[in-house]
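Structure first, then comments.
Residue numbers (this note's numbering): 18 to 328.
As C-alpha cells, then:
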C-alpha cells in the first residue's frame with residue numbers, strides 16, 4: 018500500500034526504504050504539477066514512438082517468444098485410458114524394435130508334433146517336463162526356466178496372467194516379483210490365498226525377452242499348454258488379468274479397453290462348460306497406476322460373488 022505523507026517523512030528520517038507508491042497515481046510527496054504538464058509526456062505517445070523508430074524490431078521478439086511456446090512435437094500424450102494401449106512414440110517403437118518387438122521380425126514357430134500330442138493327454142505333473150522340452154519358438158533360447166502354475170486342480174478360482182517376468186523366469190514360479198507381491202496382498206484383502214483358493218497360470222510359459230509384450234505367434238505356440246491346464250483345473254470362476262489374457266480366452270477380445278470389460282459378468286466356454294469370468298487389471302498396471310487398486314479389489318469381490326452364486 019502507498020504511504021501517507023507523514024509516514025513517508027518518518028521512513029525518510031529513519032533511513033528505511035524503499036517506499037512503495039501507486040504507479041497509476043502521482044507520488045503524493047512530489048509537488049503538484051502544473052495543469053499543462055500531463056499532456057507533455059503522455060504514456061501512449063511513448064509506447065507508439067518505440068516501434069516507429071525500428072519497425073522491423075517489433076515482430077522479431079514475438080516470433081522468438083512464440084516459437085518455443087508451440088512445441089507440437091512435445092505436446093502431451095492423450096490421457097491414458099486404463100487398460101488401453103496407446104500409440105507408441107517413434108522412440109518407443111525404435112526401442113521395441115531393438116528388443117525384438119512384433120514389428121521387428123517375424124517369429125518362426127516350430128511345434129513338435131510329438132510334444133503337442135503328449136500335452137493333449139498329459140496329467141498335471143507331466144506338463145512341466147513337456148514345457149521344458151518345448152522349443153516351438155525363440156523364447157526357449159533365452160529362458161532360464163519355464164513357468165507353469167501356482168496351485169493345482171481343486172482350486173475353485175483360476176487367474177490367467179500374461180507372461181512370466183524376470184523374477185518368475187529365475188524361480189520358475191508365476192507372480193513372485195513386485196507384481197506377485199501386490200497380487201498376494203490383493204487376494205489377502207478379499208480373504209483368498211494362492212494355492213488354496215486360487216490357481217495362477219499365464220498365457221505364455223516362458224519369459225519374453227526384455228519383458229516385452231507377448232506376440233500372437235508366441236501365444237499360439239503356448240496355447241496347447243494353456244488349454245490343457247484349464248481342462249485339468251476345471252475352474253468354477255476365471256479371472257483374466259490384462260489384455261493378453263482377455264485376447265486369449267474371451268470372445269470380446271476385440272475390445273481393447275480393460276476398463277470397458279470390468280465390473281461385468283462374462284462367460285468363457287471351456288470344453289463344453291460355461292465358466293463365469295471376470296476381467297481386471299494386471300498387477301503390473303496397478304504398480305504404475307496405484308489409484309486403480311481399489312477397482313481391482315472390487316473385481317475380486319465380484320469373482321467371489323460369482324463363486325458363491327450371488328450373480
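We treat Cβ as the ideally placed atom computed from N, Cα and C, and that holds for glycine. Being a predicted model, the structure only gives us computed values, none of them experimental.
- In the structure shown, residue 166 adopts extended strand secondary structure according to DSSP, grouped into three states.
- The DSSP-derived three-state label of residue 128 is coil.
- Taking 4 residues as the minimum length, the alpha helix (DSSP H) runs contained wholly in the stretch 234–268 are 260–266, in order along the chain.
- The Cβ-Cβ distance between residue 243 and residue 218 falls below 8 Å.
- The C-alpha of residue 245 is placed about 8 Å away from the C-alpha of residue 139.
- In summary, residue 222 is buried, with 16 or more beta-carbon neighbours lying within 10 Å of its beta-carbon over all protein chains present.
- Nearest neighbour of residue 191 by Cα position, chosen from 205, 232, 145, 234, turns out to be 145.
- Comparing alpha carbon positions, the residue from 195, 237, 294, 128 closest to residue 302 is 195.
- With respect to residue 292, residue 320 sits apart: the two C-beta atoms are not nearer than 8 Å.
- With a minimum length of 4 residues, the unbroken runs of alpha helix (DSSP H) contained wholly in the stretch 133–198 fall at 143–150, 156–159, 183–188.
- C-alpha of residue 211 to C-alpha of residue 317: approximately 13 Å in a straight line.
- Within 10 angstroms of the beta-carbon of residue 286 lie fewer than 16 other beta-carbons, which makes it exposed.
- Close CB contacts of residue 156 within its chain, under the 8 Å cut and outside five residues either way in sequence, are with 221, 223, 224, 225, 226, 235 (chain order).
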